[in-house]
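Take 1 as the starting number for the sequence shown in full-length UniProt numbering and just add one per residue.
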Amino acid sequence: MSMHNLTLSDIARALAEKTFSAEELTRSLLGRIQQLDPQLNSFITVTEAQALAQAKAADARRAAGETGALLGAPIAHKDLFCTQGVRTSCASKMLDNFIAPYNATVVEKLAAVGCVSLGKLNMDEFAMGSANESSHYGPVKNPWDLTRVPGGSSGGSAAAIAARLIPAATGSDTGGSIRQPAALTNLTGLKPTYGRVSRWGMIAYASSLDQGGPLARTAEDCALLLGSMAGFDPKDSTSVDQPVDDYLASLNQPLSGLRVGLPKEYFGAGLDSRIGAAILAVVEELKKLGATVKDISLPNLQHAIPAYYVIAPAEASSNLSRFDGVRYGHRCDSPVNLEDLYKRSRAEGFGAEVKRRIMVGTYALSAGYYDAYYIKAQKIRRLIKNDFVSAFNEVDVILGPTTPNPAWKLGEKSSDPVAAYLEDIYTITANLAGIPGLSMPAGFVDGLPVGVQLLAPYFQEGRLLNVAHQYQQVTDWHTQAPSGF
1 MSMHNLTLSD IARALAEKTF SAEELTRSLL GRIQQLDPQL NSFITVTEAQ ALAQAKAADA
61 RRAAGETGAL LGAPIAHKDL FCTQGVRTSC ASKMLDNFIA PYNATVVEKL AAVGCVSLGK
121 LNMDEFAMGS ANESSHYGPV KNPWDLTRVP GGSSGGSAAA IAARLIPAAT GSDTGGSIRQ
181 PAALTNLTGL KPTYGRVSRW GMIAYASSLD QGGPLARTAE DCALLLGSMA GFDPKDSTSV
241 DQPVDDYLAS LNQPLSGLRV GLPKEYFGAG LDSRIGAAIL AVVEELKKLG ATVKDISLPN
301 LQHAIPAYYV IAPAEASSNL SRFDGVRYGH RCDSPVNLED LYKRSRAEGF GAEVKRRIMV
361 GTYALSAGYY DAYYIKAQKI RRLIKNDFVS AFNEVDVILG PTTPNPAWKL GEKSSDPVAA
421 YLEDIYTITA NLAGIPGLSM PAGFVDGLPV GVQLLAPYFQ EGRLLNVAHQ YQQVTDWHTQ
481 APSGF
């Protein structure tokens, strides 16, 4: 089996058995990126020299007797994780010239266990989007069909893994930005509980919703990565001081007695019936593995999108006010005064989708509308959280679609942002409530991948990974690769 087809877990075994070295593997993948990425546009920056140096260091550590599973494992980071000495652009013209002076905690943690970072991955600008079309560096293309979107905002991460350029990557999820691209490119992607993975050094979009997490081909690989990414960080005031579970240890628990909830609201008019059929097929497999299934209700799901698209833009308008042309990032040429500097730097530096969300958010936070919109949205957020709390009194996990449709054509929804927003209907509730969610491959519709989403109570990432892993032991959807890659 060629090196690029190996999963992260396969690579860990091969490195331990000295089948090949980290340096050989890194050179092989860098060659693939150079050869194949021009058609995908999944990387913004490839850090070849740094990657080879890290790979040589990992080989030296192995030679000295170290045995960590991720020692020498190649990954890449979504371009909103600060990486010291490397451009960290957030896929925006605003930060096109920004070289991060320090590492994000997630980058630091993965470097400490010996991961080799091959570069920075393309994304929607400031993580705002569902299609990876709002990037300053151009759209990312879906390796399953180069005329279609890979999903967003972690579209570069998803496309690079699906095309076998890298085995795994970091992503971030504010309203589904790990799970939705995972679904559209046939990957496993996990959004951890809010506060489980440090946000320090991760460029903020909406601070109460953003959460970093892993993307890979299998649940086992996600478990491997999350074990090193998660944990308390005193530098992040929203980080939770709770021990990290051994996610690998719980993968092989049998599913007998698992209670799976199917929310009736998920199977309404907006869902492609073929995706609905794929979900019911997953349910049948889980039943064979010993799970029981129960119909449940999440009555406030219908309010999720309006609430999210008030709260997220409000936080974005606050977070992005720091990009003013004064301290770092893009600055307009020869401003006549301070006001001109602010206005032109921001007008030139931000793209259309970012401007749209800043304006919506600033409006929602303005004096006359704060109570009418922002406070009301926060009350709906609490109702959505309460729906989950009561549902989890009856079931262990909630199962449903990740997206209502398979990947759509590039440009198809560009002129109608609300149509793109509606693609987030099933994913955003997990961010509003702060619970963990996972998307896993569950079949194909017209040759395009379909994902199923699992949701669990707070800090039950291990349970999500366990269910996905057991499902992946009896199915082979997750092993399918796009032709030509």
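Glycine residues also receive a C-beta, built at the ideal position from the N, C-alpha and C atoms.
Computed from a prediction, not measured in an experiment: that's the story for all the values here.
- Within the same chain, Cβ atoms closer than 8 Å to the Cβ of ARG331 are found at GLY325, LEU341 and SER345, the five residues on either side in sequence being excluded.
- Scanning the segment 397-452 for uninterrupted alpha helix (DSSP H) segments of 4 residues or longer gives 417-421 and 428-433, listed from N- to C-terminal end.
- Within the segment 301-365, the complete alpha helix (DSSP H) segments at least 4 residues long are 304-319, 338-349 and 352-365, listed from N- to C-terminus.
- Closest in C-alpha terms to THR402, from the list ALA372, TYR363, TYR374 and VAL282, comes VAL282.
- Bounds of any alpha helix (DSSP H) do not take in PRO263; it lies within the beta strand (DSSP E) bounded by 259-263.
- Taking a C-beta distance under 8 Å as the contact criterion, MET202 and GLY212 qualify as a contact pair.
- Residue pairing by DSSP places ARG32 opposite no residue, since no beta bridge is assigned to it.
- DSSP places VAL474 in the helix class (H, G or I) of the three-state scheme.
- Assigned with DSSP and collapsed to three states, ILE75 falls in strand.
- Residue burial annotation: MET359 is exposed, with fewer than 16 other C-beta atoms found within 10 angstroms of its C-beta.
- Put simply, the segment 135-151 does not touch the segment 16-28. Fewer than three CB pairs are less than 8 Å apart.
- Judged by beta-carbon spacing, ILE311 lies within the 8 Å limit of ARG381, meaning their Cβ atoms are closer than that value.
- Between the segment 460-478 and the segment 247-266, the count of Cβ pairs shorter than 8 Å is three or higher; the stretches touch.
- Ranked by Cα distance from GLN302, the first of THR429, LEU25, ALA158 and PRO150 is THR429.
- Between ALA219 and HIS469 a beta carbon distance of about 4 Å is seen, short of the 8 Å cut, so the two are scored as contacting.
- Under the DSSP assignment, LYS376 falls outside any beta strand (DSSP E), being part of the alpha helix (DSSP H) whose first and last residues are 376-391.
- DSSP places LYS235 in no alpha helix (DSSP H); its state is neither H nor E.
- 8 Å or more divides the Cβ of THR26 from the Cβ of ARG87.
- Counting every other CB atom within 10 Å of its CB across the protein chains shown gives GLN54 a total of 16 or more, marking it as buried.
- Inter-segment contact for the segment 163-176 and the segment 144-155 is present: three or more beta-carbon pairs are separated by less than 8 Å.
- Inter-residue distance for LEU432 and TYR308 is about 7 Å (C-alpha atoms, whole angstroms).
- According to the DSSP secondary-structure assignment, GLY119 is paired through a beta bridge with VAL46.
- Counting the other CB atoms within 10 Å of its CB gives LEU15 a total of 16 or more, which places it among the buried residues.
- Of the candidates PRO254, ASN186, TYR374 and ALA76, the residue whose Cα lies closest to the Cα of PRO482 is ASN186.
- THR188 is bridged by DSSP to ALA216.
- Remark: fewer than three beta-carbon pairs, one from each stretch, lie closer than 8 Å, so the segment 408-422 and the segment 379-394 are not flagged as touching.
- When rounded, the separation of the alpha-carbon atoms in VAL106 and ILE11 is 21 Å.
- For VAL293, the three-state secondary structure derived from DSSP is strand.
- Of the other Cβ atoms in all chains shown, 16 or more fall within 10 Å of the Cβ of GLU315; this residue is therefore buried.
- When Cβ pairs closer than 8 Å are counted between the two stretches, the segment 409-416 is seen not to touch the segment 438-453, the count staying below three.
- A distance of 8 Å or more separates the beta carbons of ASN393 and LEU251.
- In terms of Cβ geometry, ALA51 and SER117 form a close pair [threshold 8 Å].
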